[in-house]
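First to last, the sequence lines map onto chains A and B.
Numbers given in this note's numbering equal positions in the first sequence, counted from 1, plus 43.
Numbers given in this note's numbering equal positions in the second sequence, counted from 1, plus 1305.
What follows is a single structure, written as C-alpha cells, with notes after it.
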Amino acid sequence: MRQFTFAAAILALGLTVSQSYHLQLLTFIGIHTLLALGLNMLMGYAGQISLGHAAFYGLGAYGTGILTVHWGFSPWAGLPLTLALTFVVAFLVALPMLKLSGYYLGMGTLGFGMIAFVVFREWSSLTGGDSGLVGIPALDVGGVSLSSGKAGYFLVWACVLLAFFACERVVDSRVGRALRAIHDSERAAAAMGIDTSRLKVWVFVFSALLASLAGFLYAHLVTFISPNSFDFLVSVRIVTMVVIGGMASIWGSLLGAAVLTILPEWLHVFTDYEMVVYGLILMTIMIFLPQGLTRGILDIHERSKRKDTAASSAPRS
Amino acid sequence: MLRIRNLKCYYGKIRAINGVSLSVRTGEIIALIGANGAGKSTLLLTISGLLQDWEGEILFQRESLRGLKAPAMVERGISLVPEGRLLFPPMSVLDNLKLGAYRRSLRREHAAVEQDLEEVLNLFPILRERARQQAGTLSGGEQQMLAIGRALMARPRLLLLDEPSMGLAPFLVRLILDVLVQLKGQGMTLLLVEQNARAALQIADRGYVLENGKVVLEGNGCDLLADQDVKRAYLGKDYREFCEGRS
C-alpha cells in the first residue's frame, strides 16, 4: 500500500508539475535519493562509513561517458558495462577496505575517493580532465528523448521506485536483520553465524551500484561531466543527506536528498550569506532532531498524539 | 563431544591460554571457573570461532576446528551466549531471536525455526509478552533469557555460556540455572563459564578450575565444591552438606 501511494505520488507530481525548473529540481532529488539510498544501506543499516562514495557516482558517469563518447557505444549498451565495471571495482575495493572499521574505514574510503577524483581529473585523454567530458548523448528510446523534462523525471523516479522496493525488501528480510546486527556488534553478529565479511562486501557493492546508476543517469541528463561533480565535498554531501534524513531509514534517504537539493536553491535569496544560513539550518536540524528528520518528525507526531489522547481522557471539571 | 588438547591462545603477542586440555562428553554440564583473567572467556571465544589465533587441537565430534570461523561453528552446532549478552538493543525481542536462527533460515528451515521460536517463548514466557519490545529496554534478567533463547534458536548441540549470572539478582540466577538443568535434561551439552563458582558447580557434572591460562584442578562438581583450595579461592564456605543432600 505504502509503495503504491509512493508510486501514485510520483506519477501525480510528474503530471502536474509543468515548469522545467521544478521538473529538473525533482529529477535531481531523484538522483540524489539513489545516492543516499545506497549509502544508507551501507552506513545507516550496516554501520560502515564511506567518505568516498562520490567515486562510484563518478565511475557510473565517466564509465558511460567514455563508452558513449569515445567508443561509440549506445547508452543502453553502456549501462550494463558501466555497472559491471562498478561491480568489479567496488568488490576489489571492499575486500581490503572492509577489514577496517570506524575512523580507519572512513580514512580508507576517503583515500579511495581522492584517488578516483585524481584519475577523473588527470586521465584527460579519456575523461577530458578539468575541462570535462562533453557530448555525452541523451538517453532515448526509438528516437524519443528521455533525458529532459517529464521523460527525464519519470525515468529517474522509475529507477528510484525500483531501488526503494529492492531496499525495502532487503531491510525487511533476514539480510536486513543481519546488516543491523553487524551495525550493533560485529562480534555478536558473527556469534549468530552471520558471515560478516561477506555481507559487508555485498552491501558495499550494492551501495556502489546504486551510486553508479545515479552517475549514469546524471551523465545522460546533463550530457556534460567534470571531476568537480564527484569530489570529496560531494561524498560529504551524500553522507549529510543520510544523516539529516535519518540513518537506517529508507524514507530518510528521500527526505535527506530532498532537503539538501532544495535548500541551496531556496537560499539563493540570502546571496552572500547563503552558505552561512545553509550551515545553520543543518546544525539546527542535528541539534533538535539528532536522529534525523524522519525519526524526529515521527517522534513529534507520536508525542502530539499522546498529548491529545491524554487531554481527551482527562476528567472534565 | 569436545576434546581440547594443549590449547594455547594469543591476543597478538600475549598468550592468554597456556596449554589447556579438557573434554566435554555429550549431555554433560561442564563448569569452567576461575578468577578474572584466568582465560575462561578466551577459551569460549576460541571454541566458538571468534578468536582465530591459537595452537593445539580442538576436536568437536572428532572433527578438527582448526581454521573454522564463527559461522562454520554455528553450522556444526556450537552456539555462544556471549559475556555481557551482546544483544542487538534497537531490535525487537523477536528479531533478536530470529537472528539466532540465521544459518537455519539460510537453509530455509522456516517451519522448524517457527516451532523452535514457540519452544523458546514457552521456555521464557516473559519474552512472549515482550516480543515486540526493543531488546535494549528489557531488564537484566530478561536480557539474559533473551541471550540464551537467541543461542537456542540455532538448535545447538553444544551451548557455550559466558557468565550467564553476571549482574543478576540471586532469584534470577536460580531461574537461569534451572533452565540450564532443564536443557541438559533435553539432552543438550553445556560448557558454562562462571565467576559465580558456587552456582556453576551446583549444577555441573564436572568442572575445571583455570588459573593464569592453565587448568589447575578438575573433578566432578561436588568434589570441587568440597575442595579446600577451591573453597578458599572461590567459595569460602563448606558445601559438602549440600552435595550429600544432592546425591
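The beta carbon of each residue, even a glycine, is placed where N, CA and C say it ideally should be.
Just so you know, these numbers come straight off a predicted model, no measurement behind them.
DSSP three-state label for Trp294 (chain A), please.
If DSSP states are grouped into helix, strand and coil, Trp294 (chain A) belongs with the helices.
Where does the unbroken alpha helix (DSSP H) through Ala1536 (chain B) begin, and where does it stop?
Ala is not the amino acid found at residue 1536 (chain B); the sequence shown has Lys there. Counting along the chain, Lys1536 (chain B) falls outside any alpha helix (DSSP H), and DSSP gives it neither H nor E.
Of all the alpha helix (DSSP H) runs that stay within the bounds of the region 261-336 of chain A, which reach a length of 4 or more residues?
List check, alpha helix (DSSP H) in window: 275-288, 293-309 and 317-331.
Examine chain B for any beta-carbon lying closer than 8 Å to the beta-carbon of Ile293 (chain A), and answer yes or no.
By this cut-off, Ile293 (chain A) is not an interface position.
Per the contact definition of three or more C-beta pairs closer than 8 Å, is the region 94-110 of chain A in contact with the region 268-287 of chain A?
Using a Cβ-Cβ distance cut-off of 8 Å, the region 268-287 of chain A and the region 94-110 of chain A are in contact, since at least three pairs of beta carbons, one from each stretch, lie closer than that value.
Tell me the DSSP secondary structure of Ala1509 (chain B) in three-state form.
In this structure, Ala1509 (chain B) counts as coil in the three-state DSSP scheme.
The region 1423-1442 of chain B contacting the region 1471-1478 of chain B, beta-carbon criterion three pairs below 8 Å:
No: the two stretches stay apart, fewer than three of their Cβ pairs being nearer than 8 Å.
Any idea what DSSP makes of Ala98 (chain A), helix, strand or coil?
Ala98 (chain A): helix per DSSP, three-state reduction.
Just mark Glu1447 (chain B) as buried or exposed, buried being the case when its beta carbon has 16 or more other beta carbons within 10 Å.
The residue is buried, with at least 16 neighbouring Cβ atoms inside 10 Å.
According to DSSP, is Gly1389 (chain B) part of a helix, a strand, or is it coil?
Three-state DSSP puts Gly1389 (chain B) in coil, outside helix and strand.
Quick one: residues in its chain with C-beta nearer than 7 Å to the C-beta of Val320 (chain A), no 5 flanking neighbours on either side, listed in chain order?
If you ignore the 5 residues before and after Val320 (chain A), its C-beta comes within less than 7 Å of the C-beta of Leu310 and Phe313, all in its own chain and listed in chain order.
Taking a contact to mean a Cβ-Cβ separation below 8 Å, would you say Leu1515 (chain B) touches Ala1505 (chain B) in this structure?
No, they are not a contact pair.
Below 8 Å, can you find three or more Cβ-Cβ pairs linking the region 1397-1406 of chain B to the region 1365-1378 of chain B?
Taking 8 Å as the limit for Cβ pairs, the verdict is that the region 1365-1378 of chain B does not touch the region 1397-1406 of chain B.
Verify the CB distance criterion: does Ser1410 (chain B) have a CB-CB separation below 8 Å to chain A?
Cβ-Cβ to chain A under 8 Å: yes for Ser1410 (chain B).
Considering Val60 (chain A), what are the terminal residues of the alpha helix (DSSP H) in which it resides?
No alpha helix (DSSP H) holds Val60 (chain A); DSSP gives it neither H nor E.
Pick from A:Gly335, A:Thr152 and A:Val285: whose alpha carbon is nearest that of Ala300 (chain A)?
The shortest C-alpha separation from Ala300 (chain A) is found at A:Val285.
Taking the beta carbon of Ile109 (chain A) as the centre, do at least 16 other beta carbons fall within 10 Å, making it buried, or is it exposed?
Answer is buried; the Cβ neighbour count reaches 16.
Since Ile74 (chain A) and Ala221 (chain A) are thought to touch, with beta carbons under 8 Å apart, how far apart are those beta carbons, to the nearest angstrom?
Approximately 29 Å separates the beta-carbon atoms of Ile74 (chain A) and Ala221 (chain A); this is outside 8 Å, ruling out the contact.
Using the beta-carbon count (16 or more within 10 Å), is Val177 (chain A) buried or exposed?
With fewer than 16 other Cβ atoms inside 10 Å of its own Cβ, Val177 (chain A) counts as exposed.
Could you tell me the alpha carbon to alpha carbon distance between Gly1550 (chain B) and Lys1536 (chain B), rounded to whole angstroms?
Per-residue confidence for Gly1550 (chain B) stands at a pLDDT of 48, beneath the threshold of 50, marking its modelled position as unreliable; no derived number is given.
Listed from N- to C-terminal order along the chain, which residues in the region 200-229 of chain A have their beta-carbon within a distance smaller than 7 Å of any beta-carbon of chain B?
Listed by position, the residues of the region 200-229 of chain A near chain B (Cβ gap below 7 Å) are Arg217, Arg220, Ala221, Arg223, Ala224, Asp227 and Ser228.
Contact with chain A by Phe1393 (chain B), beta-carbon distance below 8 Å
It does: the Cβ of Phe1393 (chain B) has a partner Cβ on chain A nearer than 8 Å.
Touching by the beta-carbon criterion (3+ pairs, under 8 Å), the region 76-94 of chain A and the region 201-221 of chain A:
Here the region 76-94 of chain A lies against the region 201-221 of chain A, with 3 or more beta-carbon pairs under 8 Å apart.
How big is the Cα-Cα spacing for Ser269 (chain A) and Gly172 (chain A)?
Taking the straight line from one Cα to the other gives about 7 Å.
Could you name the residues of the region 235-253 of chain A whose beta carbon sits closer than 8 Å to any beta carbon of chain B, in the order they occur along the chain?
Of all residues in the region 235-253 of chain A, Met235, Gly236, Ile237 and Asp238 have a Cβ within less than 8 Å of some Cβ in chain B.
Which term fits Met318 (chain A), buried or exposed, when burial requires 16 or more other beta carbons within 10 angstroms of its beta carbon?
That one is exposed.
My guess is that Val246 (chain A) and Leu85 (chain A) are in contact by the Cβ rule of under 8 Å, so how many angstroms apart are they, rounded?
Cβ atoms of Val246 (chain A) and Leu85 (chain A) come within 8 Å of each other, at about 5 Å.
Locate the alpha helix (DSSP H) running through Phe1476 (chain B), then write down its first and last residues.
Residue range Pro1475 to Gly1490 is occupied by the alpha helix (DSSP H) that includes Phe1476 (chain B).
Can you tell me where the alpha helix (DSSP H) with Arg1310 (chain B) in it begins and where it stops?
For Arg1310 (chain B), there is no enclosing alpha helix (DSSP H); the enclosing beta strand (DSSP E) has its first and last residue at Leu1307 to Tyr1316.
So, does the region 335-351 of chain A touch the region 1319-1336 of chain B, judging by three or more C-beta pairs under 8 Å?
When C-beta atoms of the region 335-351 of chain A are compared with those of the region 1319-1336 of chain B, fewer than three pairs fall below 8 Å, so the two segments do not count as touching.
Using a C-beta to C-beta distance shorter than 7 Å, which residues of chain A count as neighbours of Tyr1407 (chain B)?
Chain-ordered, the chain A residues with CB closer than 7 Å to the CB of Tyr1407 (chain B) read Arg217, Ala221, Met235, Gly236 and Ile237.
Given that a residue counts as buried once 16 or more other Cβ atoms are within 10 Å of its Cβ, and exposed if not, what is Met326 (chain A)?
Label assigned to Met326 (chain A): exposed.
Could you pull the DSSP bridge partners for Gln1439 (chain B) from this structure?
Answer is B:Ser1397.
So the candidates are A:Pro307, A:Tyr105 and A:Arg223; which of them puts its Cα closest to the Cα of Phe160 (chain A)?
Cα-wise, what sits closest to Phe160 (chain A) is A:Tyr105.
Take Gly288 (chain A) as the anchor and find which of A:Ala234, A:Ser250, A:Glu229 and A:Ile328 has the nearest alpha-carbon.
Of the residues A:Ala234, A:Ser250, A:Glu229 and A:Ile328, the one whose Cα lies closest to the Cα of Gly288 (chain A) is A:Ile328.
With DSSP collapsed to three states, give me the class of Gly1472 (chain B).
In the structure shown, Gly1472 (chain B) sits in coil (DSSP, three-state: anything other than H, G, I, E or B).
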